[in-house]
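Following: one structure in structure tokens, then a few remarks.
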Amino acid sequence: MTTPLLISLFPFLLLIPALCFSICHANSNVLCIQSEREALLKFKNHLIDPSNKLSSWVEGGDCCKWIGVVCHNSTGHVHQLHLAAPSPFDFAEWDAYRQSKLEGKINPSLLELKHLSSLDLSNNNFSSIHIPKFFGLLESLTYLKLSQAQFHGAISHNLGNLSKLQYLDLGGNDLKSKSLQWVSGLSSLQYLDLSSADLHKANDWVHVTFKLPSLLELYLSDCGLEDVPSSISVNSSKSLVVLDLSGNSLSSVPKWIFSLHGLVSIDLSDSSLEGPIPDYFGNISILEVLDLTGNSLNSSIPNFLYSLNRLQFFSLSDNQLQGTISSAIGNLSSVTYLDLSENQLNGQIPLSIGQLSSLELFDISENQLNGQIPLSIGELSSLELFDVSENQLNGTFPLSIGELSSLKYLDFGYNLLEGVVLETHFSNLTRLTTLAASHNRLRFEPNSSWIPPFQCERIELGHWHLGPKFPQWLKFQKKLSYLDISYAGISDVMPTWFLNLPTQFEYLNLSSNQLRGEISYLNVSNFVDLSSNRFIGPLPRVLPTLLVLILSNNSFSGSLFELLCNSSSRKWMVVLYIDKNLISGNIPDCWNHWQGLDLLNLGSNNLTGKISPSLWHLNLTMLNLRNNRMFGELPSTLQNSLHLVMLDLSENHFSGSIPAWIGDKLSNLAILSLRSNNFDGHIPHKICDLQFLQNLDLAHNNISGVIPKCFNNLSAMATTNKTNNFVFATFVVADFFFLNALLVLKGREDEYGSTLGLVTSMDLSANSLTGEIPKEIGSLVGLLSLNFSGNLLIGNIPDNIGNMELIESLDLSMNRLNGEIPPSFSNLNFLNHFNVSYNNLTGQIPTSTQLQSFDNLSYMGNHLCGPPLTKNCTAKGIPTDIANNGSSSEGSKVNSLYVSIALGFVMGFWGVVAPLFFIRSWRIAYYRKLDHIYGKLCVFWATMGM
């Protein structure tokens with residue numbers, strides 16, 4: 001959060017005399033006092049100094065020249081100690097930062113420094129000790145900074161004796177205090193930071209802190225403070241200008257805040273605030289900083305906030321604000337930081353935004369804004385960050401963006417922008433370092449000789465049309481470390497120059513294009529996604545630091561040996577996807593250096609052999625070996641994979657029985673698919689102990705026995721509350737990486753990704769299961785798909801299956817079930833796939849919207865009647881043909897006689913006539929024979945007449 005300039009400089013103003021003194025001291029001949037030198041050496045001897053930064057602190061040396069020591073110019077007394085570890089600027093400096101931290105104990109010899117006025121031990125590691133009580137005896141202290149030094153325990157009340165103290169910073173430690181009464185003794189205090197201390201029992205914090213007569217800045221963020229009565233009286237002077245109560249549980253803005261008329265900065269972010277934004281903020285006209293980020297405020301943005309024309313920092317992000325952004329926003333003439341992101345704001349971006357001439361940051365991402373980006377954006381000459389991503393903005397990308405010569409960060413991704421982007425859109429963006437614009441409908445095809453005016457570190461143009469040629473202009477991006485040009489319509493050979501760029505990528509996503517060729521080496525440190533292209537050849541070599549490698553859906557061939565066994569240690573890799581390729585051979589047994597691997601997908605290749613023993617040394621969350629040619633029984637070492645959430649071994653040649661330890665040891669399983677293998681034996685009852693199991697697929701095996709009654713213990717299938725979605729996600733490279741799985745539902749195979757946690761299914765089809773369907777199945781009310789088809793099940797369909805009201809697919813076909821379809825099936829209002837064909841079911845099909853919507857194929861091979869079948873039912877629900885045929889035994893006998901006579905006649909008649917009708921030679925011969933017989937009869941009759 002930004003604070004007003006003079007206030008934010010306060011700590012440094014206190015240090016200016018020290019800096020001046022140290023500069024002057026460089027030419028001074030003053031030697032430090034021997035007793036103080038000895039005190040400092042005792043202090044050093046109790047410290048652990050991993051980086052040896054106190055190497056200049058030696059016996060006999062001039063302590064005034066020691067690092068971190070400042071002496072008084074005239075007296076030589078040690079005046080200040082600055083031993084803070086320097087904060088790292090980036091991840092690369094993190095190791096050096098950790099090494100620079102002082103550790104150990106703090107010796108009371110510091111009490112010998114009678115003139116010590118400033119002590120800074122911040123950013124060190126004193127994790128095993130409390131703040132020393134003797135600090136309260138350092139009477140000359142005016143400045144004490146112990147922040148982020150990992151002190152713990154109760155705050156010593158002796159600190160309240162430091163009556164000269166002006167600056168006290170204890171923030172960022174593991175401290176606690178039941179009362180802040182000790183603070184009342186700090187009569188000279190101007191700056192107080194107790195952030196992250198546990199003050200939930202310190203009910204006196206308001207009374208004490210606001211009575212400090214000189215207090216200018218108060219920081220009590222993340223202190224466990226709860227609602228304070230709004231009627232409380234604050235008897236404070238008008239000195240307080242900065243108030244930070246962020247990260248507490250206030251639920252509403254305390255009204256006494258608005259009696260502090262001198263406030264210039266208010267930070268109430270992440271404070272559990274609810275309801276509308278209070279009107280009282282409009283009365284603090286001198287306010288320069290207002291941060292209400294991360295609450296549950298649910299009103300529109302009130303107009304009075306637009307009148308605070310001294311505001312420099314204004315953030316309402318991550319709330320539930322609704323309505324439009326008023327054109328009055330143009331009145332915030334002093335604002336430099338404006339963040340309205342992550343709300344529910346709608347309407348258009350007002351044109352008056354162009355009046356904010358001092359604006360440096362503008363973030364309205366993750367709202368519901370529509371319309372076009374206003375052309376007036378081009379008037380914001382000081383703008384450095386512009387983020388309108390994840391809205392519903394449409395129209396074209398305005399040319400005026402190209403006028404923002406100060407712009408460093410540009411993000412308009414995940415909108416509905418369309419049209420052609422020109423080179424002139426970027427003509428003046430010489431300082432641009434981030435271009436994030438994925439998921440729009442934009443086309444960018446610059447001249448092949450175009451050289452961008454910027455040097456970006458991050459480019460995201462996924463779902464743009466950049467092809468068909470590979471973008472040549474990327475050749476000139478010498479600082480590029482993050483690149484996403486997925487789904488970009490590129491159909492080209494991967495250029496050699498791109499693979500040989502001098503820069504090392506952290507993130508590279510070229511997925512879902514038509515890139516082709518071989519790749520021998522990938523110079524990427526964190527994340528690679530080359531999936532859904534046409535790459536061929538052996539798998540590429542990668543850096544040992546790589547966290548994610550996704551090569552799915554290509555034509556990579558050869559073995560896994562080079563990648564797995566002949567490479568540097570892979571202990572950092574978390575995700576490895578090589579599914580849907582042409583990889584062959586065995587899975588090598590060299591997984592011992594892949595300890596960090598979490599998700600492994602080798603499905604849909606040509607892998608053979610048994611499962612490698614060392615594979616089970618990994619703490620995998622997902623293992624997918626589906627659709628290969630692997631065989632053998634499941635090794636008992638599989639039970640060591642205690643963290644497995646998804647196990648897919650389907651469409652292989654695995655055999656043997658399903659081991660009981662799957663249910664006993666793999667207790668976190670949510671997806672278990674052993675489909676289309678050669679497993680036999682019974683379903684182990686231990687599977688019923690898998691309380692997180694949401695998808696069970698044992699279809700197309702040789703499993704026999706009965707369906708376990710204990711299936712009602714599968715609690716994830718027995719609940720309608722789908723709250724388990726993040727079980728299927730792994731946090732990788734600052735984002736969630738969702739598992740994906742192929743599931744057979746509704747008679748077809750589909751891939752599920754981010755919605756996988758919402759799907760529940762059970763498929764036991766095409767086995768040899770016997771017995772009845774247990775009535776306990778009806779308690780699995782969270783199931784969306786149930787398939788028991790193609791077994792040897794008998795008995796009636798349990799009536800309580802009708803309780804499974806969320807079910808969308810139900811298949812009980814090709815069994816030996818009898819009885820009626822339960823009337824309760826009329827409750828299944830979400831059914832869109834239903835099949836009970838080829839059983840021995842009888843009676844009337846229950847009436848419901850869904851059951852009558854299926855065709856005859858869903859019911860054939862039974863003795864059912866009623867719609868949607870054309871066969872009618874009697875009043876008793878019996879098919880009419882059965883009723884008529886079974887009216888009486890007498891009628892049955894008579895009908896049988898008539899039927900026999902008729903059949904005999906028909907068969908006899910057509911047995912003679914049909915050949916004559918269809919075979920011409922027979923017909924001629926037959927008539928010749930008749931003519932011959934007729935001639936003989938005529939002769940005979942003539943002879944008799946004579």
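Residue numbers for the sequence shown follow our numbering, so the first one is 1 and each next one is one higher.
Glycine included, every Cβ here is placed at the ideal spot set by N, Cα and C.
Note that the coordinates shown come from a computational prediction; the quantities given were computed from them, not determined experimentally.
{"Asked": "Determine the closest residue to S334 out of V744, R310, S382 and N702, with distance taken between C-alpha atoms.", "Found": "R310"}
{"Asked": "Taking the Cβ atom as the reference point for each residue, do L364 and P398 lie within a distance shorter than 8 Å?", "Found": "In the sequence on display, residue 364 carries Ile and not Leu. Cβ distance not < 8 Å, so I364 and P398 don't count as in contact."}
{"Asked": "Taking the alpha-carbon of H463 as reference, which of E418, F476, P446 and I821 has the nearest alpha-carbon?", "Found": "E418"}
{"Asked": "Would you list, in sequence order, the uninterrupted beta strand (DSSP E) runs of no fewer than 3 residues that lie entirely inside the segment 553 to 587?", "Found": "555 to 558, 575 to 577 and 582 to 586"}
{"Asked": "So, using beta-carbon positions, are G185 and D222 closer together than 8 Å?", "Found": "no"}
{"Asked": "Cα separation between L110 and H46?", "Found": "12 Å"}
{"Asked": "Based on the DSSP output, what are the partners of C71 in its beta bridges?", "Found": "V78"}
{"Asked": "Which residues bound the alpha helix (DSSP H) around T496?", "Found": "T496 to L499"}
{"Asked": "Give every residue of the same chain whose Cβ lies closer than 7 Å to the Cβ of L857, excluding the five residues on either side of it in the sequence, and list them in chain order.", "Found": "S837"}
{"Asked": "Based on Cα-Cα distance, which residue from G705, Q344, S327 and N331 lies nearest to D318?", "Found": "Q344"}
{"Asked": "Between N553 and S531, which are expected to be in contact by the criterion C-beta below 8 Å, what is the C-beta distance as a whole number of angstroms?", "Found": "5 Å"}
{"Asked": "In whole angstroms, what separates the C-alpha of L141 from that of E226?", "Found": "32 Å"}
{"Asked": "By Cβ distance, which residues of its chain are closer than 6 Å to S673, with the 5 residues on each side in sequence left out?", "Found": "D648, S650 and D697"}
{"Asked": "Hey, is the segment 482 to 498 in contact with the segment 512 to 519, meaning 3+ C-beta pairs nearer than 8 Å?", "Found": "yes"}
{"Asked": "With distances taken Cα to Cα, identify the nearest neighbour of L739 among P823, L576, E772 and L714.", "Found": "L576"}
{"Asked": "Buried or exposed: where does Y752 fall if 16 or more other Cβ atoms within 10 Å of its Cβ makes it buried?", "Found": "buried"}
{"Asked": "How many angstroms separate the CA atom of S826 from the CA atom of D799?", "Found": "11 Å"}
{"Asked": "Please classify P471 as buried or exposed, where buried requires at least 16 neighbouring CB atoms within 10 angstroms.", "Found": "buried"}
{"Asked": "Inspect the beta-carbon positions of Q639 and W661 and report whether they are closer than 8 Å.", "Found": "yes"}
{"Asked": "Indicate whether the contact test is met: 3 or more Cβ pairs, each with one atom in the segment 745 to 759 and one in the segment 697 to 709, closer than 8 Å.", "Found": "no"}
{"Asked": "Between the C-alpha atoms of L168 and S195, what's the straight-line distance to the nearest angstrom?", "Found": "11 Å"}
{"Asked": "Looking only at DSSP bridge pairs, what is D363 linked to?", "Found": "D339 and D387"}
{"Asked": "Are the beta-carbon atoms of S381 and L351 separated by less than 8 Å?", "Found": "no"}
{"Asked": "Could you tell me the boundaries of the beta strand (DSSP E) in which R748 lies?", "Found": "R748 to Y752"}
{"Asked": "Which value, in whole angstroms, describes the spacing of the CA atoms of L625 and G609?", "Found": "12 Å"}
{"Asked": "Taking the alpha-carbon positions, what's the R431 to E403 distance?", "Found": "12 Å"}
{"Asked": "Could you pull out every residue in the same chain whose Cβ sits closer than 7 Å to the Cβ of L563, ignoring the five residues on either side in sequence?", "Found": "L539"}
{"Asked": "Just checking my contact of N678 with H643 at CB under 8 Å: how many whole Å lie between their CB atoms?", "Found": "Not quite, the Cβ-Cβ distance comes to about 28 Å (not below 8 Å), so this is no contact."}
{"Asked": "For the alpha helix (DSSP H) containing L40, name the first residue and the last one.", "Found": "Q34 to N45"}
{"Asked": "Any idea if D855 is buried or exposed, counting beta-carbon neighbours within 10 angstroms, 16 or more meaning buried?", "Found": "exposed"}
{"Asked": "Looking only at its own chain, which residues have a Cβ that is under 6 Å from the Cβ of L192, when we skip the five neighbours before and after it?", "Found": "L168 and L218"}
{"Asked": "Span of the alpha helix (DSSP H) holding T720?", "Found": "Note, T720: premise wrong, no alpha helix (DSSP H); not H, not E."}
{"Asked": "Can we say the segment 266 to 275 touches the segment 293 to 311, given the rule of at least three CB pairs closer than 8 Å?", "Found": "yes"}
{"Asked": "Could you check where the alpha helix (DSSP H) with V1007 kicks off and where it finishes?", "Found": "Because residue 1007 is not part of the residues shown, which for the chain are 1 to 946, the question remains open."}
{"Asked": "Helix, strand or coil: how does DSSP classify K176 here?", "Found": "strand"}
{"Asked": "Taking a contact to mean a Cβ-Cβ separation below 8 Å, would you say S559 touches F535 in this structure?", "Found": "no"}
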